[in-house]
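1284 is the number of the first residue of the sequence shown in our numbering; add one for each residue after it.
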Amino acid sequence: MYQIPSKKIWTGRNDHFEGEDGYLWHHVVQLMDIDGLSGAGVGASNVAMLGFASDEGVRRNQGRPGAKDGPLIIRKSLCNMAVHFKPEELTLWDMGTVTVDRGKLEAAQELLADRVKRLLDHGYFPILLGGGHEISYGHYSGIYQHLKDKPDNKIGIINFDAHFDFRSYAHGAHSGSSFRQIADDCDNHGDQIYYLPIGINQQANPRSLFKLMDVYNQSYIDLEDVTIDNISALKQQIGAFISKVDHVYITLDLDVMSMGFSPGVSAPAAFGVFPYLVRQMLDAALATGKVISFDIAEFNPEYDDGRTAKLAASFVYDVAMSQKAKKQ
């Protein structure tokens, strides 16, 4: 199902005496029913936030549910973010939320793909707010549908994640199967998958998944290699990956960071990547100008004390600001 955006969410602090210089995101976010979508126009970059309120995939993957409430809480955490752009530089849109009706995940993923395609077709930069990592299959499918008839349509996927999410889906799609599904779709289309997981935690992935990476000829970056001393080499590796493709889809699973920073996730980890290093690598990818879409996955407000919500919102803020920079 699709829920239209609500202005009731976008409320917060008001510093009227500062005028426009005191504006926060809740003052400037515009709402649009995606079913009545029109072209983004010229001039300002247009960032479109779209929720995917699902934890059905997490439930199927034997994780702890609660991620369906992620989009709402991320939006609330964005309300008091400061505005550092002019209307002619960037427009922020809330395009509503795709939900899962009575456990019908596959139908919701198809609907999400349709909505992502519409956003891209009309010139918007999508930022999707999850929701379990089942978000990625629908998200990627929409990007593929947008690009499939274009000459430069090679898509690379960068997944900041403790997990490969490359599991079998013989009994149905779930939060741990998105990239296996994408790989199979690529094979069916006669394409090659370009997939780079970053932050892989050996403790959280069975040997079978490491073997599958070899079978599919895919590289990955181990958690142990993501250090401050190695950040330059990591940026080079990310750049080399991006040079092989025409467009990049980035997905950030918040469980790539340890529970000390990111406790409110479906599968918390004792060890993880420092948020600062994730930001450094994300910024390097964004700076290439090839990133076409972005999402946040696995935020679970039920287990959060506010830290994870703030972290998720901060990454959304950074990605949105990167779009402003493109048209300055």
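Even for Gly, the Cβ is constructed at its ideal location relative to N, Cα and C.
Check this for me: beta carbons of residue i and residue j, under 8 angstroms apart or not?
i            : j            : result
residue 1524 : residue 1541 : no
residue 1382 : residue 1336 : yes
residue 1549 : residue 1406 : no
residue 1530 : residue 1481 : no
residue 1364 : residue 1314 : no
residue 1484 : residue 1595 : no
residue 1544 : residue 1492 : no
residue 1438 : residue 1430 : yes
Could you give the distance in angstroms between the alpha-carbon of residue i and the alpha-carbon of residue j?
i            : j            : result
residue 1289 : residue 1584 : 19 angstroms
residue 1369 : residue 1601 : 16 angstroms
residue 1506 : residue 1366 : 34 angstroms
residue 1372 : residue 1328 : 6 angstroms
residue 1520 : residue 1443 : 14 angstroms
residue 1569 : residue 1605 : 7 angstroms
residue 1475 : residue 1397 : 23 angstroms
residue 1295 : residue 1537 : 25 angstroms
residue 1302 : residue 1310 : 11 angstroms
residue 1416 : residue 1333 : 15 angstroms
residue 1487 : residue 1458 : 14 angstroms
residue 1450 : residue 1472 : 20 angstroms
residue 1502 : residue 1409 : 26 angstroms
Out of the options, which has the shortest C-alpha to C-alpha gap to residue i?
i            : options                : result
residue 1384 : 1358, 1395, 1529       : 1395
residue 1420 : 1442, 1401, 1409, 1461 : 1461
residue 1495 : 1510, 1482, 1478       : 1478
residue 1389 : 1338, 1408, 1376       : 1338
residue 1391 : 1364, 1351, 1375       : 1351
residue 1378 : 1411, 1517, 1301       : 1411
residue 1321 : 1587, 1415, 1376, 1305 : 1376
residue 1533 : 1586, 1518, 1441       : 1441
residue 1579 : 1562, 1598, 1567       : 1598
Is residue i helix, strand or coil when you go by DSSP?
i            : result
residue 1293 : coil
residue 1554 : coil
residue 1533 : strand
residue 1612 : Because residue 1612 is not part of the residues shown, which for the chain are 1284 to 1611, the question remains open.
residue 1366 : coil
residue 1591 : helix
residue 1378 : strand
residue 1448 : coil
residue 1320 : coil
Answer with buried or exposed for residue i, where buried requires no fewer than 16 other C-beta atoms within 10 angstroms of its C-beta.
i            : result
residue 1434 : exposed
residue 1556 : buried
residue 1547 : buried
residue 1593 : exposed
residue 1610 : Unreliable positioning characterises residue 1610 in this predicted model, as indicated by a pLDDT of 48, which lies under 50. The coordinate reading is nonetheless provided below. By the 10 Å Cβ count, residue 1610 comes out exposed.
residue 1587 : buried
residue 1582 : buried
Any beta carbon of chain D sitting closer than 8 angstroms to that of residue i?
i            : result
residue 1573 : Looking for chain D here will not work: only one protein chain is present.
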